[in-house]
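Numbering (the numbering used here), first residue to last: 33 to 970.
Note that beta-carbon positions come from the ideal geometry of N, C-alpha and C, so glycine has one too.
Since we're looking at a predicted model, the values are computed, not measured.
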């Protein structure tokens, strides 16, 4: 390998090593997935409203600080150039150029200027640069420059014999380079050759600057050349060695006269006005890509880079500078201090140092200090290092272990005892003393073995110790500080994770998620301090860690969104609370182990898990800013969640079903650590302001009808926006409660009332008639029931009469039977006696009584009363029956047996059977039919 190449590679290697350790400004990275477009971004510009515009392969990108919006070009081609002129955004693309204006709906609308001018483009012509000067706008392609007169609305064309590589604006002059033909100036609409020097013909220009009274030509490969007295001379600067080996594609001279160069493959290089390299940033230390296609400085001095892959914003004027340990050589910073010309970092890997004023030297590890460092404290011009292995004393680039007691959390002075120090360790408290100018361990304090990370001296023999999981303890020591007298746990405050204990301005403060509490020595308890407790609230609490900076008398605290500090006022006893917007999501620190140290003047070092952040309070300048409502859209859920944009310039009058309204708002703020927060309210339904939030939109769903006013404001850190945006709108009543509907309802109610009155009137009339009919029917039914009751009574009486008559008939029949039986018995007995004339006379009398028709007539009358019409019926059915036959039928009707019938007929039972047989024949009964059953059925 040639020596020159070896030297070059060594130089590049050293440069890369030094660049890895440099402190650089914050970089905000926007990837294609963030802005929803393609990778390449060719040009960047900014509007008066601070909106950023980028020419992207897919179209025009707009960024309002909260949201990216893509607008595709007229012919769907790549947009190569963008320039904001007045209130219009001019763009150039493939055979097309024109401008965009914002409509009342908050969106951009495109007007084709080339079509209006009827321009005939050459084949494959693209517009690569747009410049405005006076009343003219120039559009440069690789073949032509179109000069548009804004007053006359006409144009002219400047053509050359070769390719127009670039066009430049220097002060109030326009130049362009014609490849291998020289540099021309446009004067009165014509091109005028300025120089065709060999240097210009052999190099491609990146830019032309007016610097220190001379025109400065920057080439892609060979650095800068000055034009002095019509002669070209190399601008001899220290950066030339690097620039000669790197191809530059884009560049800009910043407002502070320094230069920022964008390379093809090495990121960006920042040059001082004198041409020295200030820093270089590439993909290894922050950029998302090494190829820088465009560079732009916005109104707040942020540097925007259009890259081959993405868009980056470098906050070059930010009060923050970042040291990021990407290789993991340093580790997580737990403590730092500026001491005797060195900046020391105590990390989880050991104690590192470098010269305080160097931004190129690497941090170096002090040998023997490998392991976690917990504190760096100076006492009497001695630097103590609290380490996992014990306590070191640091001198320059070396450190000596003087206290071999594992795990030193911190070291404090003991009032009135200059030769003694109190040390907190993993296993409790220790006393170290100075003997013959050297510090050494005196004794361990017996009786207390709780890890003492946070401790403060209350007086010469009382100590307050805080343990985040065990609570706060007040410890009283023996006078010789050898052992503990008493240990009392403080119950006025609760134990809390990530709590801390610190002494500030003579007061002992205890901080956890409930606030900051001050120890009252008289009451011997902690009392909440209302002022210090404003350092953080419970919702934003991340850590109760408090840090005191003795040099500036500042008290620091850390919350979810801010780093805050308390500083004393000169004219008041009430301290001043300042907030620095530095969200925990970007700080990348270790919660509970936050640390901050004054490096010099108002420059502070904040330790993170991958290095540190430098905070320059002198650059914390409040700047005015505003919040804008960017768009308003409404929706009904009839067609899903499709929203329609509305005109912001008009008061909104929306239909009742258009009651879902979304507001989008933004504050154009592009600093990485200064994140805008928004607060809004909707008068008419939500009268209270919302909580501060980073969300840049507000959606209100299913709003009832009424009049509303939407308000929104923003803040950066603790500074509120200058304006509060508002928008008034009305949601109409639904048709069913409109005025016309209400009149209709009243008429309907009246008509309905009248109708119901008539209906009820008819109803009650029918009810009355129905009631009368019912009453009448009930009366009729009652009368019928009475008649039925009477009939039942009559029937019962008749039944009773029949039963009585039947009984009479039975009695009569039985009496007749008994009488005849008795007479027959007497007759038989008399017939047994001798033939006596007188007896015969008695027998004749008996026979006369037995055949007495009066008995039959009496029986017949009783029988007819009991069984009316039977004899008539059977006579009707059988007319041939004689009176004796009817008599027999009557006896059979009474279901009398032949034996019972015989006495009644004064015949024998045999004769009765004969009579029955004859009767059957007269009645023509079947042989199997029962005579008695037949008679009973009639």
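Check: Tell me the DSSP secondary structure of residue 747 in three-state form.; Outcome: strand
Check: Taking the alpha carbon of residue 724 as the reference point, which residue from 812, 569 and 760 has its own alpha carbon closest?; Outcome: 569
Check: Apply the 10 Å Cβ neighbour rule to residue 627 and answer buried if 16 or more other Cβ atoms are within range, or exposed otherwise.; Outcome: buried
Check: Do residue 479 and residue 516 have their C-beta atoms closer together than 8 Å?; Outcome: yes
Check: Quick one: what does DSSP say residue 606 is sitting in, helix, strand or coil?; Outcome: coil
Check: DSSP three-state call for residue 386: helix, strand or coil?; Outcome: strand
Check: Note down the Cα distance separating residue 962 from residue 919, rounded to an integer number of angstroms.; Outcome: 18 Å
Check: Please name the residue in 596, 610, 590 and 609 whose C-alpha comes closest to that of residue 620.; Outcome: 590
Check: Residues bridged to residue 983 by DSSP?; Outcome: The displayed coordinates of the chain run from 33 to 970. Any statement about residue 983 would go beyond what the structure contains.
Check: How about residue 607 and residue 540: do their beta carbons lie closer than 8 Å?; Outcome: no
Check: In whole angstroms, what is the alpha-carbon distance linking residue 40 and residue 392?; Outcome: Because residue 40 carries a pLDDT of 39, less than 50, the predicted location of this residue cannot be relied on, and no value is offered for it.
Check: Where does residue 950 land, buried or exposed, given buried means 16+ other C-beta within 10 angstroms?; Outcome: exposed
Check: Please state whether DSSP places residue 688 in a helix, a strand or coil.; Outcome: coil
Check: Please go through the segment 129-192 and give each complete beta strand (DSSP E) segment of 3 or more residues, from N-terminal end onward.; Outcome: 140-144, 161-165, 168-172, 176-181 and 186-191
Check: According to DSSP, is residue 698 helix, strand or coil?; Outcome: strand
Check: Exposed or buried, residue 644, counting other C-beta atoms within 10 Å across all chains shown (16 or more means buried)?; Outcome: buried
Check: Hey, residue 500 and residue 527: beta-carbon distance below 8 Å or not?; Outcome: yes
Check: Could you check whether residue 934 and residue 895 sit closer than 8 Å to each other, using their CB atoms as the reference points?; Outcome: no
Check: Confirm, please, whether the CB-CB distance from residue 205 to residue 216 is below 8 Å.; Outcome: no
Check: Relative to the C-alpha of residue 584, which residue among 549, 558, 578 and 632 is closest?; Outcome: 632
Check: Along the chain, which unbroken stretches of the alpha helix (DSSP H) at least 4 residues long are found entirely within the segment 205-262?; Outcome: 230-234
Check: Could you pull out every residue in the same chain whose Cβ sits closer than 6 Å to the Cβ of residue 233, ignoring the five residues on either side in sequence?; Outcome: 212
Check: For residue 965, count neighbouring Cβ atoms within 10 angstroms of its own Cβ and tell me buried if that reaches 16, exposed if not.; Outcome: exposed
Check: Tell me the DSSP secondary structure of residue 932 in three-state form.; Outcome: helix
Check: Using 10 angstroms around the beta-carbon of residue 351, count the other beta-carbons present and answer buried if the total reaches 16, otherwise exposed.; Outcome: buried
Check: Grab the span of the alpha helix (DSSP H) containing residue 955 for me, first residue to last.; Outcome: 941-955
Check: Report yes if the C-beta distance between residue 716 and residue 612 is below 8 Å; otherwise report no.; Outcome: no
Check: Classify residue 893 as helix, strand or coil using the three-state DSSP reduction.; Outcome: helix
Check: Kindly indicate which three-state DSSP category residue 273 falls into: helix, strand or coil?; Outcome: helix
Check: Three or more C-beta pairs under 8 Å: does that hold for the segment 652-662 against the segment 392-402?; Outcome: no
Check: From the DSSP output, read off the bridge partner residues of residue 114.; Outcome: 123
Check: Pull up the distance between the alpha-carbon of residue 418 and that of residue 302, whole angstroms please.; Outcome: 39 Å
Check: Residue 441: which of 404, 102, 201 and 75 sits nearest, CA to CA?; Outcome: 404
Check: Rounded to whole angstroms, what is the Cα-Cα separation between residue 127 and residue 178?; Outcome: 12 Å
Check: Using 10 angstroms around the beta-carbon of residue 357, count the other beta-carbons present and answer buried if the total reaches 16, otherwise exposed.; Outcome: buried
Check: Looking at residue 322 and residue 59, is the spacing between their C-beta atoms short of 8 Å?; Outcome: no
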